[in-house]
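*Asks:*
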Amino acid sequence: MEDQFLQFENYLAEQLTDDQLKSFEEKLQTDISFKEAFDLYKETHDFLKNKIQNEAATEEFTTNIKQVSKNHFKNHNKNKSKNWFISIAASIALLIGVYVFYPKSTPTYEEYISYPTANFTTRNSQNETLVKAQNAFNTKDFKQANSLFDKLLNEDIHNSELQLYQGITLVELYKFEEADQILSILASGKSSFTTNAIWYLALSKLKQEKYSDCKLLLEKLPKEFKHYKNAQKIQKNLPE
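At position 51 of the sequence shown the residue is numbered 50 (numbering that gives the first Met the number 0), and the sequence of numbers has no breaks.
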């Protein structure tokens, strides 16, 4: 039998072709077992997405649920739809238990890093170096971005926005001493980039496995900060 979970995931991700979409939605209307399984999968997927709020964990869940599907469909066919649905429900319930109720592992930089979108050129579209730096950062070409940010900061040494992006870039390049120096200055200042600097400095410490330093920085973040919930999750699961 075709891997139904893969269909479900592709449907939710809007990755089906027009023909596949038409076939899928027709099946939802005519196949009760198929619709029940899809509704269960969607509810579980949405629950975990809201519960975990973590892209890496959600992707891992999706991968595991697909594997459950593949293993199950090797041994079941369309004539066993009732047993199929019960087995699917049990498998999803088991995975919910694993992801929601079991202790979480030590958080990692890769789980929580998200990059702001560089948008310098709306204010100065005539600066070729600025345009190149923006594009390099947004495409995650951090080596090129680092070189360009160095050049720009030589000309505008007090530009807090460029300093923030350079700090993030240096963390990605494992140049922690330089990154932490830049981000520490921003984090102790009073610019509009101060809170973001604290967050990315904390993530730098997390990447270096300096957990005590990371925790102290996360405690400084205000509740209204957009990454506050993730900061709380990191703190909760950091080693003592």
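We put the beta carbon where it would ideally sit given N, CA and C, even for glycine. This structure is a prediction, so every number in the text was calculated from the model and none was measured.
#1: If you follow the alpha helix (DSSP H) that I181 is part of, which residue opens it and which one closes it?
#2: Taking the straight line between their C-alpha atoms, what separation do you get for T194 and S32?
#3: Relative to the C-alpha of A196, which candidate in D30, L205 and Q162 has its C-alpha closest?
#4: What does the Cβ neighbour count give for S203, buried or exposed, with the cut at 16 atoms within 10 Å?
#5: Less than 7 angstroms between the C-beta atoms of A135 and Q125, yes or no?
#6: Of the residues S211, Q207, A201 and K209, which one's Cα is nearest the Cα of S230?
#7: Indicate the three-state DSSP secondary structure (helix, strand or coil) for T105 in the structure shown.
#8: Where D18 and D30 are concerned, what is the direct C-alpha to C-alpha distance, given to the nearest angstrom?
#9: Considering Cα atoms alone, identify which of H157, Q234, Q14 and T138 is closest to F192.
#10: Hey, could you find the ends of the alpha helix (DSSP H) N137 is sitting in?
#11: I'd like the span of the alpha helix (DSSP H) that includes K225, first residue to last.
#12: From P221 to Y227, what distance separates their C-alpha atoms?
#13: By DSSP, does T16 sit in helix, in strand, or in coil?
#14: Following the continuous alpha helix (DSSP H) through Q207, name the residue where it begins and the one where it ends.
#15: Excluding sequence positions up to five away, which residues of its chain have a Cβ less than 8 angstroms from the Cβ of Y149?
*Replies:* Taking the definition as stated:
#1: Stepping through the sequence shown from its first residue, residue 181 is reached at position 182. Run containing I181: F175 to A186, per the alpha helix (DSSP H) assignment.
#2: Taking the first residue of the sequence shown as position 1, residue 194 is located at position 195. Taking the first residue of the sequence shown as position 1, residue 32 is located at position 33. One Cα belongs to T194, the other to S32, and the distance between them is close to 50 angstroms.
#3: As a working note, residue 196 is residue 197 in the sequence shown. Out of D30, L205 and Q162, Q162 has the C-alpha closest to the C-alpha of A196.
#4: Within the sequence shown, residue 203 is the residue found at index 204, counting from 1. Buried is the call here.
#5: Indexing the sequence shown from 1 puts residue 135 at position 136. Indexing the sequence shown from 1 puts residue 125 at position 126. Going by C-beta atoms, A135 is not nearer than 7 angstroms to Q125.
#6: Taking the sequence shown and counting its residues from 1, one reaches residue 230 at position 231. Here the sequence assigns Ala to residue 230, which means Ser is not the residue at that position. Of the listed residues, the one whose Cα sits closest to A230 is A201.
#7: Taking the first residue of the sequence shown as 1, we reach residue 105 at position 106. DSSP places T105 in coil when its eight states are reduced to three.
#8: Start at 1 with the first residue of the sequence shown, and residue 18 comes out as number 19. Start at 1 with the first residue of the sequence shown, and residue 30 comes out as number 31. Taking the straight line joining both Cα atoms gives about 18 angstroms.
#9: Position 193 of the sequence shown, counting from 1, holds the residue named residue 192. When only C-alpha atoms are compared, the closest one is H157.
#10: Numbered from its first residue, the sequence shown carries residue 137 at position 138. DSSP places N137 in the uninterrupted alpha helix (DSSP H) bounded by E127 to N137.
#11: Position 226 of the sequence shown holds residue 225. Segment: none, K225 is in no alpha helix (DSSP H) and carries neither H nor E.
#12: Translated into positions along the sequence shown, residue 221 becomes position 222. Translated into positions along the sequence shown, residue 227 becomes position 228. Cα-Cα distance, rounded: 7 angstroms.
#13: Within the sequence shown, numbered from 1, the residue matching residue 16 stands at position 17. Coil.
#14: One-based indexing of the sequence shown puts residue 207 at position 208. First-last for Q207: undefined, no H or E at that position.
#15: Counting from 1 along the sequence shown, the entry for residue 149 is found at position 150. What sits at residue 149 in the sequence shown is Asp, not Tyr. Answer for D149: Q165, listed in chain order.
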